[in-house]
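Note sheet for the following structure.
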Amino acid sequence: MKTFAQLGFPGRLIAVEGLDGSGKSTQIYLLKRWLELRGLKVYFSEWNSSELVKSATSKGKKRELLTPTTFSLIHATDFADRYERHLLPLLRAGYLVLCDRYIFTAFARDVVRGCPPEWVRGIYNFAALPDVTFFFRADLEVSLQRILDGRPKLKFFEAGMDLRLSTDPYESFRIFQGRLLEQYLAMSAEFNFALIDANQPVEAQQVVVRQQVARRIDLAKFRSTRPQPVSPPRSIFGKIEAEEEPVE
Amino acid sequence: MKRTAHNQIVVPRRSERRFYGHGIPGADLEELAGKLIVVEGADGSGRSTQIAKLVEWLEGGGHATVQVGLKRSTLVSAELAQAQQGNILSRTTLSLFYATDFADQLENVILPALRAGFIVLADRYIYTLMTRDLVRGMDEAWLKNLYGTALKPDAVFYLNVAPEELVQRNLSKNAALDYWESGMDLGLSRDMFDSFLKYQTAMQAAFRRLQAMYGFTIVDGNQSAEAINEVLRQKISAVLAGRPSRAALAKPVRRRPGR
Numbered sequence: 001m002k003t004f005a006q007l008g009f010p011g012r013l014i015a016v017e018g019l020d021g022s023g024k025s026t027q028i029y030l031l032k033r034w035l036e037l038r039g040l041k042v043y044f045s046e047w048n049s050s051e052l053v054k055s056a057t058s059k060g061k062k063r064e065l066l067t068p069t070t071f072s073l074i075h076a077t078d079f080a081d082r083y084e085r086h087l088l089p090l091l092r093a094g095y096l097v098l099c100d101r102y103i104f105t106a107f108a109r110d111v112v113r114g115c116p117p118e119w120v121r122g123i124y125n126f127a128a129l130p131d132v133t134f135f136f137r138a139d140l141e142v143s144l145q146r147i148l149d150g151r152p153k154l155k156f157f158e159a160g161m162d163l164r165l166s167t168d169p170y171e172s173f174r175i176f177q178g179r180l181l182e183q184y185l186a187m188s189a190e191f192n193f194a195l196i197d198a199n200q201p202v203e204a205q206q207v208v209v210r211q212q213v214a215r216r217i218d219l220a221k222f223r224s225t226r227p228q229p230v231s232p233p234r235s236i237f238g239k240i241e242a243e244e245e246p247v248e
Numbered sequence: 249m250k251r252t253a254h255n256q257i258v259v260p261r262r263s264e265r266r267f268y269g270h271g272i273p274g275a276d277l278e279e280l281a282g283k284l285i286v287v288e289g290a291d292g293s294g295r296s297t298q299i300a301k302l303v304e305w306l307e308g309g310g311h312a313t314v315q316v317g318l319k320r321s322t323l324v325s326a327e328l329a330q331a332q333q334g335n336i337l338s339r340t341t342l343s344l345f346y347a348t349d350f351a352d353q354l355e356n357v358i359l360p361a362l363r364a365g366f367i368v369l370a371d372r373y374i375y376t377l378m379t380r381d382l383v384r385g386m387d388e389a390w391l392k393n394l395y396g397t398a399l400k401p402d403a404v405f406y407l408n409v410a411p412e413e414l415v416q417r418n419l420s421k422n423a424a425l426d427y428w429e430s431g432m433d434l435g436l437s438r439d440m441f442d443s444f445l446k447y448q449t450a451m452q453a454a455f456r457r458l459q460a461m462y463g464f465t466i467v468d469g470n471q472s473a474e475a476i477n478e479v480l481r482q483k484i485s486a487v488l489a490g491r492p493s494r495a496a497l498a499k500p501v502r503r504r505p506g507r
């Protein structure tokens with residue numbers, strides 16, 4: 001697998017990965033604002049956000065119809081739709097594309113759910129690798145605290161309840177997140193993740209993120225003179241997969 | 249059709265089961281007592297007529313049946329139909345959407361029915377999906393990995409009808425050719441009639457490639473419906489009696505390394 005730079009694309013893709021509650025969405029939002037304010041061509045895309053696939057995913061989650069296999073395939077469908085319709089053309093056109101979660105999210109989640117790793121990786125092998133992947137590593141307890149402090153209503157699949165790890169959503173969530181972290185760390189070297197210490201203050205992390213981006217990408221090449229395409233709306237805080245019903 | 253006396257009812261013999269690839273996590277193949285019979289072919293090749301006849305025959309013979317087909321899943325069938333209307337999905341997306349539809353039916357209909365000892369009749373299976381994608385230039389190794397979820401059927405019949413005859417049958421039935429069955433998204437020709445012929449010719453060639461790999465039975469679909477059904481019934485009787493069909497004897501599909 002090659003990066004977009006290695007494939008000769010004029011654009012560059014930056015991805016953030018990490019556990020729920022690691023603060024990665026805040027960081028990529030601040031990175032986006034910085035790049036936009038510098039007048040660069042930027043587009044932002046979020047995991048599980050394709051309009052077209054949304055109603056099916058939403059139905060599957062609400063009615064708990066999804067199995068590990070269909071969970072994996074429907075997210076791959078969502079990814080493919082965004083990849084082929086937005087990411088590829090924008091990267092061909094020389095954009096900086098920012099992705100909140102990329103294929104590594106599937107590699108971690110689907111494998112924890114019991115899908116064979118080679119099968120999952122095979123499905124996503126149409127996608128090129130990001131030019132920079134930040135992995136926000138917080139202590140598991142810190143991530144859990146951030147999410148659980150608010151005592152949110154955890155959602156069925158988000159809490160990994162389909163894995164029957166525990167009948168208590170909070171306990172299930174803890175075990176599930178722990179397993180995801182193991183998967184992420186196991187692929188960190190293979191995919192050259194840039195590790196960010198997510199226990200640091202927001203500003204301190206952002207300094208490192210901006211430094212690395214500036215060092216690894218020649219940002220001057222991405223100046224824009226036109227209005228920017230509208231990235232799909234997002235919320236900085238909380239979960240995006242809001243179509244799921246909370247576990248009662 | 250010959251009536252079957254109650255003492256002539258055949259209790260199907262267990263057959264050896266396997267998935268084409270990794271299969272479905274956690275599925276126990278030992279539990280699958282029923283049989284999976286697949287009928288493949290283009291629109292107008294007579295699939296639904298044949299399946300209707302087979303259901304009658306099987307039920308007459310004391311077998312419980314279930315029918316599945318493409319785009320029939322609870323999970324994504326509505327969204328898939330909607331997406332097709334607008335032709336807005338790119339090929340990898342459409343391919344994965346169909347794979348989701350297939351996996352949903354496999355896990356929620358096919359496998360439970362086989363566990364319960366039903367004869368499952370599939371109006372098309374992964375082969376049509378793979379063939380469509382191959383014709384659209386998708387990578388074969390990628391498709392094999394994707395459909396490694398699929399259970400290997402007990403029999404697969406491909407109803408082979410010449411494209412020229414398919415045109416006639418489709419027009420006499422609907423007075424029009426279907427956009428997708430004409431492969432209009434491929435831009436082979438602006439003329440739908442020409443496009444249909446070119447597309448179906450390409451589909452047949454791709455099916456022959458798959459036949460060499462998966463070893464299904466090609467049936468001459470130009471014969472009368474009765475004559476075709478006779479062929480299918482013979483083969484299915486052999487399957488029920490536990491005699492291996494040609495498909496079962498064929499060499500297992502070799503996995504190719506990914507790109």
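Protein chains in written order, with this note's numbering: chain F, 1 to 248; chain C, 249 to 507. For glycine and all other residues, C-beta sits at the position ideal for the given N, C-alpha and C.
Determine the extent of the alpha helix (DSSP H) in which residue i is found, giving its start and end residues.
{"i": "C/N422", "result": "411 to 422"}
{"i": "C/N393", "result": "388 to 394"}
{"i": "C/L308", "result": "A small fix is needed here, since residue 308 of chain C is Gly in this sequence, not Leu. Looking at the DSSP string, the run of the alpha helix (DSSP H) that includes C/G308 is 295 to 308."}
{"i": "C/V383", "result": "374 to 383"}
{"i": "F/H75", "result": "68 to 82"}
{"i": "F/P89", "result": "88 to 92"}
{"i": "C/E327", "result": "325 to 334"}
Mind checking who residue i pairs with in its DSSP beta bridge?
{"i": "F/C99", "result": "F/A15, F/S45"}
{"i": "C/E288", "result": "C/Y406"}
{"i": "C/K446", "result": "Bridge partners of C/K446: none, in fact."}
{"i": "C/R261", "result": "None, per the DSSP bridge assignment."}
{"i": "F/V53", "result": "Its beta-bridge partners do not exist; DSSP assigns none."}
{"i": "C/K283", "result": "C/I367"}
{"i": "F/K40", "result": "With the sequence shown as reference, residue 40 of chain F is identified as Leu, and Lys is not the correct amino acid for it. Paired residues: F/R223."}
{"i": "F/T3", "result": "F/L129"}
{"i": "C/F267", "result": "C/L399"}
By the DSSP assignment, the beta strand (DSSP E) with residue i in it spans what residues?
{"i": "C/D371", "result": "367 to 371"}
{"i": "C/D468", "result": "465 to 468"}
{"i": "C/V479", "result": "Premise fails: C/V479 lies in the alpha helix (DSSP H), 473 to 488, not in any beta strand (DSSP E)."}
{"i": "C/T313", "result": "313 to 317"}
Using the beta-carbon count (16 or more within 10 Å), is residue i buried or exposed?
{"i": "C/R502", "result": "Residue placement at C/R502 cannot be trusted, given a pLDDT of 48 that sits under 50; what the coordinates show is reported in the next sentence. Exposed, by the Cβ-count rule."}
{"i": "C/G490", "result": "exposed"}
{"i": "C/Q459", "result": "buried"}
{"i": "C/A453", "result": "exposed"}
{"i": "F/Q211", "result": "exposed"}
{"i": "C/I336", "result": "exposed"}
{"i": "C/K421", "result": "exposed"}
{"i": "C/L497", "result": "Bear in mind that a pLDDT of 48 at C/L497, under 50, signals an unreliable position, so the number given afterwards is only what the model happens to contain. Exposed, since its Cβ has fewer than 16 Cβ neighbours within 10 Å."}
{"i": "F/L7", "result": "exposed"}
{"i": "C/F441", "result": "exposed"}
{"i": "F/L66", "result": "buried"}
{"i": "F/E171", "result": "exposed"}
{"i": "F/E245", "result": "Its pLDDT being 49, under 50, F/E245 is placed unreliably by the model, and nothing is read from it."}
{"i": "F/N48", "result": "buried"}
{"i": "C/Q333", "result": "exposed"}
{"i": "F/V230", "result": "exposed"}
>> Which complete alpha helix (DSSP H) runs does the region 120 to 205 of chain F hold, if anything under 4 residues is left out?
In response: Entirely contained in the region 120 to 205 of chain F, the alpha helix (DSSP H) runs reaching 4 residues are, in chain order, 140 to 148, 169 to 187.
> Listed from N- to C-terminal order along the chain, which residues in the region 377 to 404 of chain C have their beta-carbon within a distance smaller than 7 Å of any beta-carbon of chain F?
Replying inline: For the region 377 to 404 of chain C, the set of residues with a beta-carbon nearer than 7 Å to any beta-carbon of chain F comprises W390, N393, L394, G396, T397, in chain order.
> What runs of the alpha helix (DSSP H), each 4 residues or longer, lie entirely inside the region 336 to 366 of chain C?
Replying inline: Qualifying alpha helix (DSSP H) stretches, in chain order: 339 to 353, 359 to 363.
> Which residues, in order along the region 19 to 52 of chain F, keep a beta-carbon less than 9 Å from a beta-carbon of chain C?
Replying inline: For the region 19 to 52 of chain F, the set of residues with a beta-carbon nearer than 9 Å to any beta-carbon of chain C comprises S50, L52, in chain order.
> Got a sec: which bits of the region 342 to 367 of chain C sit with their beta carbon under 7 Å from any beta carbon on chain F, in order along the chain?
Replying inline: Listed by position along the chain: L344, F345, A347, T348, A351, D352, E355.
> Of the residues that make up the region 115 to 128 of chain F, which ones have a beta carbon closer than 8 Å to any beta carbon in chain C?
Replying inline: Cβ contacts with chain C come from C115, P116, E118, W119, R121, G122, I123, N125, F126.
>> Give me the subset of the region 64 to 86 of chain F whose CB atoms are less than 8 Å from a CB atom of chain C, sorted by chain position.
In response: Contacts with chain C (Cβ-Cβ distance below 8 Å) from the region 64 to 86 of chain F involve L65, L66, T67, P68, T69, T70, L73, I74, A76, T77, A80, D81, Y83, E84, R85, listed in chain order.
> In chain order, what residues of the region 254 to 286 of chain C put their CB closer than 8 Å to some CB of chain F?
Replying inline: For the region 254 to 286 of chain C, which is checked against every Cβ of chain F, the residues closer than 8 Å are G269, H270, I272, P273, G274.
> Which residues, in order along the region 316 to 329 of chain C, keep a beta-carbon less than 7 Å from a beta-carbon of chain F?
Replying inline: So the close ones are T322, L323, V324, E327.
>> Under 8 Å, CB to CB, which of the residues in the region 432 to 460 of chain C have a partner in chain F?
In response: Residues passing the 8 Å Cβ filter: none.
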